[in-house]
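Step one of this worksheet: look at the structure below.
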């Protein structure tokens, strides 16, 4: 009677399945990071697996569909997930820009006042003409 090798075949099939899953997940992450529109065809080609196998894996299929719909909704090229700014970051940048705008507005006001005074001094009759320095501070 021949030896029963089914245990070894089952172990090899599980190992092959896990390696294939790892390749597909790695390819999916790589594609998502680059911002390229995601498709089953692209993931299958990148991972070296079949599209039908991707469809048979519920978690991978869901991730592909989520990323695909996210990139299809975007009117411009999608920014990779790792590079997207958070709401808190955007709010902080907006506050910093607003503060810089207020500072520059005040500086402009001060410089215009200094310029007006300098021009007035140059136009005043009988005043000696000497170099006038105008600085923002």
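Residue numbers (the working numbering): 1378 to 1514. Think of the CB as a built atom: it goes at the ideal place given N, C-alpha and C, for glycine as much as any other residue.
Quick one: Cα of residue i to Cα of residue j, how far?
i, j, result
"residue 1429", "residue 1473", "50 Å"
"residue 1410", "residue 1426", "20 Å"
"residue 1479", "residue 1501", "33 Å"
"residue 1503", "residue 1487", "27 Å"
"residue 1342", "residue 1475", "In the structure as shown, the chain begins at 1378 and stops at 1514. Residue 1342 is therefore absent and cannot be evaluated."
"residue 1402", "residue 1437", "7 Å"
"residue 1447", "residue 1467", "20 Å"
"residue 1456", "residue 1420", "18 Å"
"residue 1390", "residue 1379", "21 Å"
"residue 1495", "residue 1485", "15 Å"
"residue 1469", "residue 1433", "44 Å"
"residue 1477", "residue 1483", "10 Å"
"residue 1445", "residue 1395", "24 Å"
"residue 1399", "residue 1435", "14 Å"
"residue 1490", "residue 1471", "29 Å"
Note the first and the last residue of the continuous alpha helix (DSSP H) segment covering residue i.
i, result
"residue 1485", "1464-1500"
"residue 1421", "1417-1424"
"residue 1511", "Run containing residue 1511: none; DSSP gives neither H nor E here."
"residue 1402", "1383-1411"
"residue 1428", "1428-1432"
Under the assumption that residue i contacts residue j (Cβ atoms under 8 Å), give the Cβ distance between them as a whole number of angstroms.
i, j, result
"residue 1423", "residue 1407", "7 Å"
"residue 1511", "residue 1492", "6 Å"
Around the C-beta of residue i, are 16 or more other C-beta atoms found within 10 angstroms, so that it is buried, or is it exposed?
i, result
"residue 1404", "buried"
"residue 1431", "buried"
Does chain D have any CB closer than 8 Å to the CB of residue i?
i, result
"residue 1416", "Of the protein chains in the structure, only one exists, and it is not chain D."
**OP:** May I ask you to verify whether the region 1431-1446 touches the region 1412-1421, counting CB pairs closer than 8 Å and requiring at least 3?
**Re:** Verdict: yes, contact present.
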